[in-house]
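S.K.: Numbering (this note's numbering), first residue to last: 73 to 397.
Note that beta-carbon positions come from the ideal geometry of N, C-alpha and C, so glycine has one too.
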Ligand code: HEC
Ligand code: HEC
C-alpha cells in the first residue's frame with residue numbers, strides 16, 4: 073500500500089470505529105440484549121441524573137413512617153429484588169398480604185402488580201408508600217419532609233426545574249426501575265446469543281421438558297417468561313382470603329386469577345406464588361404435575377403430567393439457569 077493510501081485507510085477505519093462507538097453509546101439507554109427496546113413514557117424520558125435520584129429514593133428508609141423500611145427492604149438487589157419471605161415486613165411490624173415480586177424487567181410490564189390493574193411504574197410507586205402495611209406515609213407529609221432534605225430539593229430543581237413533589241418522586245423512582253434489566257442469563261447466552269456451551273446438557277434437556285413435553289410456555293413464554301396475562305393456574309381455592317384480581321371488580325371470571333410472574337431469576341425468588349407458600353421449585357413442579365388443585369375457574373391448560381426423576385431435575389436445572397442479576 074502506498075503511503076497516502078495507507079493514511080486514507082487508517083483515517084476511514086478511525087471514522088468507522090468512532091461512528092460505531094458513538095452509535096452504541098447513544099443507544100445504550102434503549103437497547104437490551106434479548107428484549108425489545110425500552111419504551112419510555114413521554115413524560116419520563118431517559119435521563120441519567122433522574123435515575124441517580126431514583127436510586128437514592130429507592131434505598132431511602134426516610135420514605136416510610138417509622139424510617140425502618142425502604143423499597144429495597146422488600147426488593148433486595150441481592151435476591152433479584154425480592155426479599156426471601158413468604159410475605160413482606162412493612163413498618164411497625166406490619167405484614168403484607170402478598171409475596172414481593174421481583175422488579176427486574178419491570179420496564180416491560182404492560183400492567184403492574186398481581187392483579188394487573190396498575191397502569192404504569194410511575195403510578196405504582198405511590199401504592200407502597202401509602203399502603204398501611206408497607207411504608208404507611210401520607211403523600212403530603214412525605215413531600216414536606218423530602219423538600220427539607222437539600223439533596224432531594226436541589227436535585228428536583230436541577231433536573232425537573234420544580235420543587236420536590238409527587239411528580240419528581242414517582243418519575244425518578246420509575247426511571248431507576250427501568251434500568252433494572254435482566255437478560256443475560258446462561259439461557260440467554262445459549263438461546264439468543266447462540267453460545268452452544270453456555271447451558272449444560274441437563275439444562276438443555278430441561279428446556280425441552282419445559283417448552284415441548286409440558287405446557288409451561290403457554291403462560292411463561294419467551295423471552296420474558298411470561299405472557300403478562302392474568303391467569304388462574306389452579307393454585308387458589310375458592311375459600312381463600314385472597315382471590316386475586318376478583319378483588320378489583322368482583323367479577324366471578326376473575327376468581328383466582330393473578331398476573332403470570334416471569335420465571336427469570338426464579339432460583340432467587342423463593343418462596344413461590346402470591347402468598348409464598350411453596351418453598352422450592354420442586355414443590356411447584358409437584359403442584360403442576362398434580363394438575364393444580366382442580367379449583368373453580370382453573371385454566372384448561374393446567375393438566376396432570378408425569379415426569380421421571382431425571383426429567384424433573386433437568387427442568388429444575390434449566391429454571392436455575394434463568395438467573396442474571
Ligand atoms: C413492605 C414491603 C414492600 C415495600 C416497602 C415495597 N414493596 Fe413493592 N411489592 C411488594 C409486594 C408484596 C408486591 C406484590 C403486591 C401485589 O402485586 O399485589 C410488590 C410489587 C411491586 C411491583 C410490581 C411488580 C410486578 O411484577 O407487577 C413494583 C414495580 C414494586 N413493588 C415497586 C416498589 C417500589 C418502587 C417501592 C418503594 C416506593 C416498593 N415496591 C416498596 C412489597 C413491597
Ligand atoms: C395457565 C397459565 C400458567 C401455566 C400453563 C403455567 N403457569 Fe406457572 N404460574 C402462573 C401463574 C398465574 C402464577 C402465579 C400464581 C400465584 O402467585 O398465585 C404462576 C407461578 C409459577 C411459579 C412461581 C413463580 C414465583 O415467583 O412465585 C413457577 C416457578 C411456575 N409458575 C412454573 C411453571 C411451570 C414449571 C409450568 C409448567 C409445568 C407453569 N408454571 C405453567 C401461570 C401459569
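#1: Verify the contact flag: residue 381, CB atom, against every heavy atom of ligand 2, threshold strictly below 6 Å.
#2: Please report the distance separating the alpha-carbon of residue 234 from that of residue 294.
#3: Is residue 150 helix, strand or coil when you go by DSSP?
#4: Based on the DSSP output, what are the partners of residue 161 in its beta bridges?
#5: What I want to know is whether the C-beta of residue 355 ends up closer than 6 Å to one or more non-hydrogen atoms of ligand 2.
#6: Taking the continuous alpha helix (DSSP H) assigned at residue 360, which residues delimit it?
#7: Residue 107 and residue 279 - do their beta-carbons sit closer together than 7 Å?
#8: Ordered along the chain, which non-local residues of its own chain (more than five positions away) have a Cβ less than 6 Å from that of residue 274?
#9: Considering only the alpha carbon of each residue, which of 374, 121, 163 lies closest to residue 230?
#10: Pull up the distance between the alpha-carbon of residue 217 and that of residue 136, whole angstroms please.
#11: Taking its Cβ as the centre, do 16 or more other Cβ atoms sit within 10 Å of residue 114, making it buried, or is it exposed?
#12: How would you label residue 249, buried or exposed, when you count the other beta carbons within 10 angstroms and need 16 or more for buried?
#13: With respect to 6 Å, is the separation between the Cβ of residue 52 and the closest non-hydrogen atom of ligand 1 below this value?
#14: Kindly indicate the opening and closing residues of the alpha helix (DSSP H) around residue 111.
#15: So, using beta-carbon positions, are residue 170 and residue 346 closer together than 7 Å?
#16: Less than 6 Å separating the Cβ of residue 182 from some heavy atom of ligand 2?
#17: Measure the Cβ-Cβ separation of residue 316 and residue 329 and say whether it is below 7 Å.
#18: To the nearest angstrom, how far is it from the Cα of residue 257 to the Cα of residue 153?
#19: Below 8 Å on the Cβ atoms is my guess for residue 333 versus residue 158; work out the distance and round it to an integer in Å.
#20: Which residue marks the beginning of the alpha helix (DSSP H) containing residue 241, and which one marks its end?
#21: Please determine whether the Cβ atom of residue 373 lies at a distance below 6 Å from any heavy atom of ligand 2.
#22: CA-CA distance, residue 441 and residue 319?
#23: Is it true that the CB of residue 306 sits closer than 7 Å to the CB of residue 243?
M.R.: Here's the rundown:
#1: no
#2: 41 Å
#3: helix
#4: 167
#5: no
#6: 353 to 361
#7: no
#8: 386, 389
#9: 121
#10: 11 Å
#11: exposed
#12: buried
#13: Outside the displayed span of the chain (73 to 397) sits residue 52, for which this structure offers no information.
#14: Counting along the chain, residue 111 falls outside any alpha helix (DSSP H), and DSSP gives it neither H nor E.
#15: yes
#16: no
#17: yes
#18: 16 Å
#19: The Cβ separation is near 15 Å, so there is no contact.
#20: 238 to 249
#21: yes
#22: Lying outside 73 to 397, the shown extent of the chain, residue 441 is not represented and no answer is given.
#23: no
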